[in-house]
Amino acid sequence: KWALLSTHGPHFVPIIGFTELEKIMLRFATLDNEAGMRSDAIIDLFDDVFDMYGIEAAQLGFYACDHASGNVAITRKTQVPMIGCVSQRFNLAKQALMREHSDLLVQVQLLMVKLNTIKIGTIFVRWTLLDRLDDGLVDFIHTPPMDVQLKALHEDFKNLESVNKKLQTSPVSLLDVRALFDHVVKHYLPTDTQLSVTSELVKFPEFENGVVKVLAGKVRALTRTDKAAVVKLLGSTNPSKAEEDADGSPKKRSFAEAALSKEAPTTSVAHLKSVPPTSNDISRLFSRAGIMYLRLRLSLNSMTLETIPSLWYNRGMWDASAVAQAVDKNRKKRRVAD
1 KWALLSTHGP
11 HFVPIIGFTE
21 LEKIMLRFAT
31 LDNEAGMRSD
41 AIIDLFDDVF
51 DMYGIEAAQL
61 GFYACDHASG
71 NVAITRKTQV
81 PMIGCVSQRF
91 NLAKQALMRE
101 HSDLLVQVQL
111 LMVKLNTIKI
121 GTIFVRWTLL
131 DRLDDGLVDF
141 IHTPPMDVQL
151 KALHEDFKNL
161 ESVNKKLQTS
171 PVSLLDVRAL
181 FDHVVKHYLP
191 TDTQLSVTSE
201 LVKFPEFENG
211 VVKVLAGKVR
221 ALTRTDKAAV
231 VKLLGSTNPS
241 KAEEDADGSP
251 KKRSFAEAAL
261 SKEAPTTSVA
271 HLKSVPPTSN
281 DISRLFSRAG
291 IMYLRLRLSL
301 NSMTLETIPS
311 LWYNRGMWDA
321 SAVAQAVDKN
331 RKKRRVAD
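Using UniProt numbering, the letters of the sequence shown correspond one by one to residues 1 to 338.
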């Protein structure tokens, strides 16, 4: 995963590595100028980070990022499939649905602006209800038909909010996202442009379709382009140790075992559930970084500012004893230098 964060000073690029078992922030890089935000510069940054950790480019299975055009350019140049953040797609879908009811929402906004005044506020202190014929609000209070529409719209927004919470708080797979989006499109047709399988926001549909089909147990339904897109994630098809006899030859399965094995997901299929469909963790990191990178702190060493979010994100990989060892090692180096 990666994304771009712009503040009042430099720009920042957090790079997070995803494996089947864990996710690690590899670097929280600093970019001093706009030239560093170009796709070629970001690719060079990736090369430096991969060289630091001994990661080969062939090991990359996919990118997870937002739908910015610069990110799409990077994925095209590196020929690595990209998963666009589904939370961003869902927000765009909600905006499209809100535009369908723009006139009604404008009326609500006008009423809220009118109510948010000192004069009206004093009225609410004395009375909890306002008369519909009140001179100051007669042009803004909703008619009974509008109230019916607003109640229906409120229920729609509650339904969409439940989907949004599921994307934000629960570990969901691409298969779960497909089921959620299909359910939303079924009930709210204006969201089809953003949430459908053929949406223009999906830059690598073959890859996402391949992952969804494998997770759904429809491996035989994979097309040739789907297989080519997910071949790195499927892994080896050789029999595992549990499926081999003591002499190394494949273990012969009974008729019943052969039938059940078709339904049981292999290890290479099961780990596809860890493919992240969202970039919500990076959005939360940006919120924290926005507090961390204030103008008063821009005079600090850039390496210090890069290290703080990395330590916070990877806090499960170190503890107080690791800090003590690092401090002790640093002291020994200073003594030798002196």
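Where a beta carbon is used, it is the ideal one built from N, C-alpha and C, also for glycine.
Beta-carbon gap between residue i and residue j smaller than 8 Å
i, j, result
"Lys-77", "Ile-55", "no"
"Val-275", "Val-212", "no"
"Ile-83", "Ala-58", "no"
"Phe-28", "Phe-18", "no"
"Ala-229", "Glu-206", "yes"
"Asp-66", "Ser-287", "no"
"residue 340", "Met-146", "This structure gives no information on residue 340, because the portion of the chain shown stretches from 1 to 338."
"Pro-14", "Glu-100", "no"
"residue 340", "Glu-20", "Only positions 1 to 338 of the chain appear in the structure, and residue 340 is not among them; the question remains open."
"Leu-222", "Gly-61", "no"
Rounded separation between residue i and residue j - CA only
i, j, result
"Leu-105", "Gln-194", "21 Å"
"Lys-23", "Leu-92", "27 Å"
"Ser-39", "Ile-74", "5 Å"
"Ser-321", "Val-86", "39 Å"
"Gly-316", "Gln-325", "17 Å"
"Phe-46", "Arg-335", "36 Å"
"Arg-220", "Asn-330", "57 Å"
"His-183", "Asp-156", "13 Å"
"Trp-312", "Ser-302", "16 Å"
"Val-202", "Val-323", "43 Å"
"Asp-192", "Phe-181", "9 Å"
"Leu-97", "Asp-48", "43 Å"
"Trp-318", "Ala-337", "27 Å"
"Lys-114", "Lys-158", "25 Å"
"Asp-328", "Glu-306", "22 Å"
"Pro-144", "Asn-314", "55 Å"
"Ser-236", "Asp-51", "Only weak support exists for where Ser-236 lies, its pLDDT of 43 falling under 50; the coordinates are left without a value."
"Ala-259", "Leu-160", "Confidence at Ala-259 is low in this model, with a pLDDT of 48, below 50, so the placement of that residue should be treated as unreliable; the coordinate-derived value is given next. Roughly 40 Å between the two C-alpha positions."
"Thr-198", "Val-72", "17 Å"
From the options, residue whose alpha carbon lies closest to that of residue i
i, options, result
"Asn-209", "Glu-100, Asp-192 and Val-177", "Val-177"
"Lys-94", "Asp-51, Glu-306 and Asn-164", "Asn-164"
"Leu-174", "Val-49, Val-214, Met-52 and Leu-285", "Val-214"
"His-142", "Glu-306, Met-112 and Ser-170", "Met-112"
"Ala-68", "Lys-151, Lys-332, Tyr-313 and Glu-200", "Glu-200"
"Gly-217", "Leu-21, Lys-273 and Pro-81", "Lys-273"
"Ala-41", "Gly-70, Arg-284 and Glu-306", "Gly-70"
"Ser-102", "Asn-116, Met-52, Phe-50 and Leu-150", "Leu-150"
Nearest-angstrom Cβ-Cβ length linking residue i and residue j, presumed shorter than 8 Å
i, j, result
"Ile-16", "Leu-26", "7 Å"
"Ser-196", "Val-185", "6 Å"
"Phe-90", "Leu-153", "Not confirmed; about 18 Å, so no contact."
"Pro-277", "Val-172", "6 Å"
"Phe-204", "Pro-81", "4 Å"
Neighbour flag for residue i against chain B, beta carbons, 8 Å
i, result
"Phe-204", "No chain B appears in the structure shown, which is made up of a single protein chain."
What are the uninterrupted segments assigned as alpha helix (DSSP H) that are 4 or more residues long and contained completely in the stretch 40-96, given in chain order?
69-78
What are the complete alpha helix (DSSP H) segments, minimum 4 residues, inside the stretch 145-203?
174-187 and 192-195
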